[in-house]
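Trainee: Questions regarding the structure given below will be posed in turn.
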Amino acid sequence: MKTWALYSLKGGVGKTAAAVNLAYEAAAAGRHVLLWDLDPQGAASWYFGIDEPAGISAKKIVTGTVPLGRYVRPTAYERLSVLPGDRGYRQWDAEIHAAKSPRKVLERLIEPFSETYSLLILDCPPGIGALATAILRAADRVLVPVVPTPLSLRALDEVMEHIAEKKVGKTRVRPFFSMADRRRTLHRQLIAEPPESMARAPEVFVDYSSHVEQMGAHRAPIREFAPRSRAATQFAELYRALD
10 MKTWALYSLK GGVGKTAAAV NLAYEAAAAG RHVLLWDLDP QGAASWYFGI DEPAGISAKK
70 IVTGTVPLGR YVRPTAYERL SVLPGDRGYR QWDAEIHAAK SPRKVLERLI EPFSETYSLL
130 ILDCPPGIGA LATAILRAAD RVLVPVVPTP LSLRALDEVM EHIAEKKVGK TRVRPFFSMA
190 DRRRTLHRQL IAEPPESMAR APEVFVDYSS HVEQMGAHRA PIREFAPRSR AATQFAELYR
250 ALD
């Protein structure tokens, strides 16, 4: 099983939309996919039609009080399941710090899923802390959506600095341009001449699109309600570029 983490220091960069659509595209391509919504807000779960939270706290997860697989929910889409978010996830950092082996806690939690799934996608909450460090250690790929602006690129630099500090392999990180508005000169310039921090980015990028906003109205991945849209095509191409 491969593990992809959608991660960013800041919100509002299209992270959850990417997690939802990449999970959908992977399942459509034949992979058995589990999306674990690690964000207390539970937006990824909600997009897949799951209204009820997981009903489990970070403490119970980290201590192994209950089997995590018990909380996995099916979706309307073949080969795609979700482990929902929950407000109890707000205590992730404190519980990971308190664990006996904080460096390995997430790896221990996800290992049992390898018997059922070929791809695990983690939709991570923004920020740097114990959970972020555990994710960076456990994930095979850390996918970082970057809006083509200096501020978003600065956030990427901070992620790379954190990785260097924690001695996590930089090669796991794959940034990609997200919410690109080609009407804006700065966006076009940064895409045409990306900085060194974007050297490992795929050539595919995701435009700013009203279809991403419409995911909330439809509560579905974009290909389900706008299969011929540019956004649907871009997420499919992004999945293929990362696979």
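Under the numbering used here, residues 10 to 252 are what the sequence shown spells out, in order. Using N, Cα and C, we set each Cβ at its ideal position, and we do this for glycine too.
State the beta-bridge partners of residue 13 as determined by DSSP.
Mentor: Start at 1 with the first residue of the sequence shown, and residue 13 comes out as number 4. Answer by DSSP bridge pairing, in chain order: 130 and 150.
Trainee: Would DSSP call residue 88 helix, strand or coil?
Mentor: Within the sequence shown, the letter at position 79 stands for residue 88. Coil.
Trainee: With a cut-off of 8 angstroms, do at least 3 Cβ pairs link the segment 25-43 to the segment 124-140?
Mentor: At 8 angstroms Cβ cutoff, the stretches touch.
Trainee: Quick one: using the 10 Å Cβ neighbour count with 16 as the cut-off for buried, is residue 104 buried or exposed?
Mentor: By 1-based counting over the sequence shown, the position of residue 104 is 95. Residue 104 comes out buried.
Trainee: Excluding five sequence neighbours on each side, which residues of the same chain lie with their C-beta closer than 7 angstroms to the C-beta of residue 108?
Mentor: For the purposes of this step, residue 108 is taken as residue 99 along the sequence shown, with counting starting at 1. Same-chain partners within the cutoff: 71 and 114.
Trainee: Just checking residue 87 against the ligand FAD - is the residue's beta carbon closer than 8 angstroms to any of the ligand's heavy atoms?
Mentor: Questions concerning the ligand FAD fall outside what the structure shown contains, since it holds no ligand whatsoever.
Trainee: Pick from 82, 73 and 52: whose alpha carbon is nearest that of residue 133?
Mentor: The residue given as residue 133 occupies position 124 in the sequence shown. Nearest of 82, 73 and 52 to residue 133, Cα basis: 52.
Trainee: Would you decide whether residue 252 is buried or exposed? Buried here means 16 or more other CB atoms lie within 10 Å of its CB.
Mentor: By 1-based counting over the sequence shown, the position of residue 252 is 243. The residue is exposed, with fewer than 16 neighbouring Cβ atoms inside 10 Å.
Trainee: So, for residue 189: in the same chain, excluding its five sequence neighbours on each side, which residues have a beta-carbon less than 8 angstroms away from its beta-carbon?
Mentor: Position 180 of the sequence shown holds residue 189. Only 156, 157, 196, 200, 214, 215, 216 and 217 meet the Cβ criterion.
Trainee: Taking the beta carbon of residue 31 as the centre, do at least 16 other beta carbons fall within 10 Å, making it buried, or is it exposed?
Mentor: Translated into the one-based positions of the sequence shown, residue 31 becomes position 22. So residue 31 counts as buried.
Trainee: Could you check where the alpha helix (DSSP H) with residue 247 kicks off and where it finishes?
Mentor: As a first step, residue 247 is located in the sequence shown; it is residue number 238 there, counting from the start. From DSSP, the alpha helix (DSSP H) with residue 247 extends over 239-251.
Trainee: Verify whether the separation of the beta carbon atoms of residue 86 and residue 230 is less than 9 angstroms.
Mentor: The count along the sequence shown starts at 1 and reaches residue 86 at position 77. The count along the sequence shown starts at 1 and reaches residue 230 at position 221. Yes; because the gap between Cβ atoms is below 9 angstroms, this pair is in contact.
Trainee: Residues in its own chain within less than 6 angstroms of residue 24 by CB, not counting five upstream and five downstream?
Mentor: The residue you call residue 24 lines up with position 15 of the sequence shown. Excluding sequence neighbours, residue 24 sits near 15, 17 and 154.
Trainee: What residues in its chain sit with their C-beta under 6 angstroms from that of residue 207, if we drop five residues either side in the sequence?
Mentor: Translated into the one-based positions of the sequence shown, residue 207 becomes position 198. Contacts found: 184.
Trainee: Quick one: is residue 226 buried, meaning 16 or more other Cβ sit within 10 Å of its Cβ, or exposed?
Mentor: Working through the sequence shown from its first residue, we reach residue 226 at position 217. It counts as exposed.
Trainee: Just reading off the beta strand (DSSP E) that residue 42 is part of, what are its end residues?
Mentor: Residue numbering aside, residue 42 sits at position 33 when the sequence shown is read from its first letter. Unbroken beta strand (DSSP E) run through residue 42: 42-46.
Trainee: For residue 181 versus residue 210, is the C-beta spacing smaller than 9 angstroms?
Mentor: Taking the sequence shown and counting its residues from 1, the one referred to as residue 181 is at position 172. Taking the sequence shown and counting its residues from 1, the one referred to as residue 210 is at position 201. Cβ atoms of residue 181 and residue 210: not closer than 9 angstroms.
Trainee: Can you find the residues in the same chain that come closer than 7 angstroms, C-beta to C-beta, to residue 20, ignoring five residues on each side of it along the sequence?
Mentor: One-based indexing of the sequence shown puts residue 20 at position 11. These residues qualify, in order along the chain: 135.
Trainee: So the candidates are 67, 36 and 57; which of them puts its Cα closest to the Cα of residue 49?
Mentor: For the purposes of this step, residue 49 is identified with residue 40 of the sequence shown, where counting begins at 1. Answer by Cα proximity: 67.
Trainee: Would DSSP call residue 36 helix, strand or coil?
Mentor: Counting from one through the sequence shown, the residue named residue 36 turns up at place 27. In the structure shown, residue 36 sits in a helix (DSSP, three-state: H, G or I).
Trainee: Kindly indicate which three-state DSSP category residue 177 falls into: helix, strand or coil?
Mentor: Working through the sequence shown from its first residue, we reach residue 177 at position 168. In this structure, residue 177 counts as coil in the three-state DSSP scheme.
Trainee: Using the Cα positions of residue 112 and residue 143, report the straight-line distance between them to the nearest angstrom.
Mentor: On the sequence shown, position 103 is the one that residue 112 refers to. On the sequence shown, position 134 is the one that residue 143 refers to. Taking the straight line from one Cα to the other gives about 6 angstroms.
Trainee: Report the rounded CA-to-CA distance for residue 235 versus residue 89, giving the unit in angstroms.
Mentor: For the purposes of this step, residue 235 is taken as residue 226 along the sequence shown, with counting starting at 1. For the purposes of this step, residue 89 is taken as residue 80 along the sequence shown, with counting starting at 1. If you take the alpha carbons of residue 235 and residue 89, they lie about 19 angstroms apart.
Trainee: Residues in the same chain with beta-carbon distance under 6 angstroms from residue 220, minus the five sequence neighbours each way, listed in chain order, please.
Mentor: Locating residue 220 in the sequence shown gives position 211, where the first residue counts as 1. Taken in chain order, the residues that qualify are 231, 235, 238 and 240.
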